[in-house]
Amino acid sequence: MTSSLVQSVDWLTIAPPTLTAVVALVVLVADLFLPPERKQLLGWTAIGGLTAALALLLPLRDGDRSTFCLTAQAQAEGHAPACSYTADHFTLVIQLLVLAGALLAALLSMDETRERLPAGEFWFLLLSSAAGAALLPASRDLATLVVALEVASLPAFALVGLKRGDRMSGEAALKFFLSSVTATAVTLLGVSFVYAATGTLHLTEIAQRLDDVPGQLQTLAEAGVALTLVGFAFKTAAVPFHFWVPDTYVGAPLPVAAYLSVVGKAVGFTGLILVTVVAFPSYADVWGPALAALAALTMTAGNVAALRQLSTRARSAVRLLAWSSVAQAGYLLVPIAAAAYSSDDQVGATVAYALMYAVVNLGAFAVVALVARTRPENRIADFRGLYASSPGAALALAFFLLNLAGLPPGIIGLFAKVTVFSSAVDAGLGWLAVIMGVNVVIALYYYLRWTALLFRAPEGAAPEGAPVTHRGSAPVTLAIVLTAAIGVVLSGYPQFALRFATGSLF
């Protein structure tokens, strides 16, 4: 019996999240010995570690490696081994997304850690969260999935509340913490029910055994599936589990808000894809309609709330991006719901859309961080006349907003929305496609209103008569340039995102 518990370990396969975690520990220890004037070295160490973790994805590009497998038990039972960690193509694409997103967030954080935030704690927490986010897409059993989810989430609570003495930061961290703990409790209850009904934690084995659950355990299995989905709905900020998002983004440091909007969202959606498509395919008639309804509610609530944001309100720029993030979550839910109705690879549409959204949303946050150096209230009105003072930043933000709206020249944004729309139509969800079309039109108003403001005549000017100039540091400028360049490349070749997301390039 003991031989069935022996698991194989492939160290190269687990290298990306492992290296990220090791660098986090190195930064934590180094912080004890570095003098205050050299704390910036911690930031460059974190950036170097994330870059190295990204490079370690290259040897895994074939997408056919697994580790922590119950090989002896599989041989005895005559079937393929069940593995807890799998580096398939889906895993590698999501790891690329979260590690690159963390890298861009790290670039945005260099100024904050030099001026406002404690450097050692910040970099340790960011790298720890990124390590959990990189582990999650490779998780193929419920225990590893929940652990990875919490490793990604727990440091994020502290990151949100890291602005010491700031009441809004503390309130945002508390709301984020309470909502996430609730989600975790619900998820764990659902996981325990699923384990009780099936006797296994591995996702592929759960999918097989749910078809043969004894009658007296059927209700327990159904309750477990439902509770697990509710828990992940919290993590994805799906309506009505979205209430923490606006206040959390507004109260958090700007780089942390950018990180949560991309990496945090990728974590939630990755977990949702794994439990629905891999573990619970036999319950597609339950989670398919539920996710379709959540998608419709989420995109509508997010867009309507974003539409109501006042440009003169303090922090309205971040609040609009927060509500926009909720609406985008609705679009991301559509292909997952469609996967319940179609045998085609609908999940690839979600991954492709997530890649587009990550690039342009991080770029938008980077420009907001640039403007916030001279206009710390973060109002949308502060962006009026940005083209007159910083033409490059204005053009970049306009490009990012048009991508989020799905308008040319943001071809990748349009392509991503068409891909999601097509997945709904192909799955026979015509009503959801109509609701999505209406929401895209609603979103055009607030995205275009902000874009038009960039090119209006500025209201104020510097004492010498010139517009207020927004000068960014090298890391912030690099983040804007990188996101804009990637967005332009993808707009020139939008098929690349879909082919990359679905694995046809490998």
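Residue numbers in the sequence shown follow the numbering used here, run continuously in steps of one, and reach 523 at the last position. Don't be surprised by glycine CBs; every beta carbon is placed ideally from N, CA and C.
Thinking G216 and A123 are a contact (beta carbons under 8 angstroms), I'd like their distance in whole angstroms, please. For this step, residue 216 is matched to residue 199 along the sequence shown. For this step, residue 123 is matched to residue 106 along the sequence shown. No, G216 and A123 are not in contact; Cβ-Cβ is about 42 angstroms, not under 8 angstroms.
Would you kindly work out how many angstroms separate the C-alpha atoms of S145 and Q233, rounded to a whole number? Your numbering for residue 145 matches position 128 in the sequence shown. Your numbering for residue 233 matches position 216 in the sequence shown. Straight-line Cα distance between these residues: approximately 42 angstroms.
Determine the closest residue to F174 out of M127, T204, S209, V273, with distance taken between C-alpha atoms. Translated into positions along the sequence shown, residue 174 becomes position 157. Among M127, T204, S209, V273, the Cα nearest to that of F174 belongs to V273.
If you check the beta carbons only, do Y4 and V335 fall under 7 angstroms apart? Because the chain in this structure spans residues 18 to 523, residue 4 falls outside the shown range and cannot be described.
Determine, using beta carbons only, whether A356 and Q363 come nearer to each other than 7 angstroms. Along the sequence shown, one-based indexing puts residue 356 at 339. Along the sequence shown, one-based indexing puts residue 363 at 346. Closer than 7 angstroms, so yes.
For A328, the residue or residues it bridges with in DSSP: Within the sequence shown, the letter at position 311 stands for residue 328. Before going further, note that residue 328 is Ser rather than Ala in the sequence given. In DSSP, S328 forms no bridge with anything.
Looking only at its chain, what residues have a beta carbon closer than 6 angstroms to the beta carbon of G66, apart from the 5 residues adjacent to it on each side? Taking the first residue of the sequence shown as position 1, residue 66 is located at position 49. Answer for G66: V40, listed in chain order.
From A160, A151, V321, G178, pick the residue whose C-alpha is nearest to that of Q345; which is it? Your numbering for residue 345 matches position 328 in the sequence shown. Residue V321 is the option with its Cα nearest to Q345.
With which residues is R82 paired in a DSSP beta bridge? Stepping through the sequence shown from its first residue, residue 82 is reached at position 65. A104, per the DSSP bridge assignment.
Tell me which residue opens and which closes the alpha helix (DSSP H) that N395 is part of. Residue numbering aside, residue 395 sits at position 378 when the sequence shown is read from its first letter. Unbroken run through N395: none, as it is neither H nor E.
Cβ of V385 less than 7 angstroms from any chain C Cβ? Looking for chain C here will not work: only one protein chain is present.
Helix, strand or coil for S490? Go by DSSP, reduced to three states. The residue you call residue 490 lines up with position 473 of the sequence shown. Note: S490 maps to coil in three-state DSSP.
Which of the three DSSP states is assigned to D443 in this structure? Along the sequence shown, read from residue 1 onward, the residue named residue 443 stands at position 426. The answer is helix: DSSP assigns D443 an H, G or I state.
Suppose the cutoff is 8 angstroms on Cβ atoms and the five residues either side in sequence are ignored; what does the same chain contact list for T287 look like? Along the sequence shown, one-based indexing puts residue 287 at 270. So the list reads I111, L153, P154, once near-sequence residues are dropped.
If you check the beta carbons only, do G423 and V457 fall under 7 angstroms apart? Taking the sequence shown and counting its residues from 1, one reaches residue 423 at position 406. Taking the sequence shown and counting its residues from 1, one reaches residue 457 at position 440. Yes; because the gap between Cβ atoms is below 7 angstroms, this pair is in contact.
Go ahead and pull the three-state DSSP assignment for D158. Taking the sequence shown and counting its residues from 1, one reaches residue 158 at position 141. Of the three classes helix, strand and coil, the one that applies to D158 here is strand, per DSSP.
Answer with buried or exposed for G95, where buried requires no fewer than 16 other C-beta atoms within 10 angstroms of its C-beta. For this step, residue 95 is matched to residue 78 along the sequence shown. For G95, the pLDDT reaches just 49, beneath the cut-off of 50, and the residue's location in the model is therefore unreliable, leaving the point undetermined.
Buried or exposed for G365, going by 16 or more other Cβ atoms inside 10 Å? The count along the sequence shown starts at 1 and reaches residue 365 at position 348. So G365 counts as buried.
Can you give me the start and stop residues for the alpha helix (DSSP H) that K56 sits inside? The residue you call residue 56 lines up with position 39 of the sequence shown. Per DSSP, K56 belongs to no alpha helix (DSSP H) and is neither H nor E.
Between L449 and A441, how many whole angstroms is the CB-CB distance? I'm expecting something under 8 angstroms. Residue 449 sits at position 432 when you count from the first residue of the sequence shown. Residue 441 sits at position 424 when you count from the first residue of the sequence shown. Between A441 and L449 the Cβ distance is about 5 angstroms, and since that is below 8 angstroms, they are a contact.
To the nearest angstrom, report how far apart P480 and S407 are at their CA atoms. Locating residue 480 in the sequence shown gives position 463, counting from the first residue. Locating residue 407 in the sequence shown gives position 390, counting from the first residue. Because P480 carries a pLDDT of 44, less than 50, the predicted location of this residue cannot be relied on, and the following value inherits that uncertainty. Their Cα atoms are separated by approximately 17 angstroms.
Using the DSSP secondary-structure output, state which residues sit across from H219 in a beta bridge. The sequence position of residue 219 within the sequence shown is 202, counting from 1. According to DSSP, H219 bridges with D158.
Express the C-alpha separation of L45 and A38 in angstroms, rounding to a whole number. Working through the sequence shown from its first residue, we reach residue 38 at position 21. Working through the sequence shown from its first residue, we reach residue 45 at position 28. Each residue's Cα considered, the two are about 11 angstroms apart.
Any chance the stretch 98–106 sits against the stretch 79–87, with 3 or more Cβ pairs inside 8 angstroms? yes
Apart from the five residues just before and just after F141, which ones in its own chain have a Cβ nearer than 6 angstroms to its Cβ? Translated into the one-based positions of the sequence shown, residue 141 becomes position 124. Correct list, in chain order: A41, V44, L45.
Can you give me the C-alpha to C-alpha distance between A410 and A301, rounded to a whole angstrom? In the sequence shown, residue 410 corresponds to position 393, counting from 1. In the sequence shown, residue 301 corresponds to position 284, counting from 1. Distance between the alpha carbons of A410 and A301 is about 45 angstroms.
Could you pull the start and end residues of the alpha helix (DSSP H) that P33 belongs to? Residue numbering aside, residue 33 sits at position 16 when the sequence shown is read from its first letter. That run of the alpha helix (DSSP H) goes 32–47.
D128 classed as buried or exposed, judged by whether at least 16 other C-beta atoms fall within 10 angstroms: Looking up residue 128 in the sequence shown gives position 111. By the neighbour-count rule (16 or more Cβ atoms within 10 Å), D128 is buried.
Does any heavy atom of the ligand ADP sit closer than 6 angstroms to the C-beta of G137? Inclusion of the ligand ADP in the displayed structure is not the case, the ligand content being empty and no account of it being possible.
With 16 other Cβ atoms within 10 Å as the buried cut-off, status of F210: For this step, residue 210 is matched to residue 193 along the sequence shown. With 16 or more other Cβ atoms within 10 Å, it is buried.
Residues in the same chain with beta-carbon distance under 7 angstroms from L349, minus the five sequence neighbours each way, listed in chain order, please. By 1-based counting over the sequence shown, the position of residue 349 is 332. Once the five neighbours on either side are set aside, the close Cβ partners of L349 are F286, T367, Y370, A371.
Under the three-state reduction of DSSP, which class applies to P425: helix, strand or coil? On the sequence shown, position 408 is the one that residue 425 refers to. Coil at P425, not helix or strand.
Our contact map puts A296 next to I397 with C-beta atoms below 8 angstroms; I'd like the distance itself, whole angstroms only. By 1-based counting over the sequence shown, the position of residue 296 is 279. By 1-based counting over the sequence shown, the position of residue 397 is 380. With 8 angstroms as the limit, A296 and I397 do not qualify as a contact, their Cβ atoms being about 42 angstroms apart.
Proximity below 7 angstroms, CB of V376 to CB of G504: The count along the sequence shown starts at 1 and reaches residue 376 at position 359. The count along the sequence shown starts at 1 and reaches residue 504 at position 487. For V376 and G504, yes; Cβs fall inside 7 angstroms.
Quick one: using the 10 Å Cβ neighbour count with 16 as the cut-off for buried, is L327 buried or exposed? By one-based count along the sequence shown, residue 327 stands at place 310. That one is exposed.
Are H259 and V164 closer than 7 angstroms when you measure CB to CB? Here the question's residue 259 lines up with position 242 in the sequence shown. Here the question's residue 164 lines up with position 147 in the sequence shown. No.
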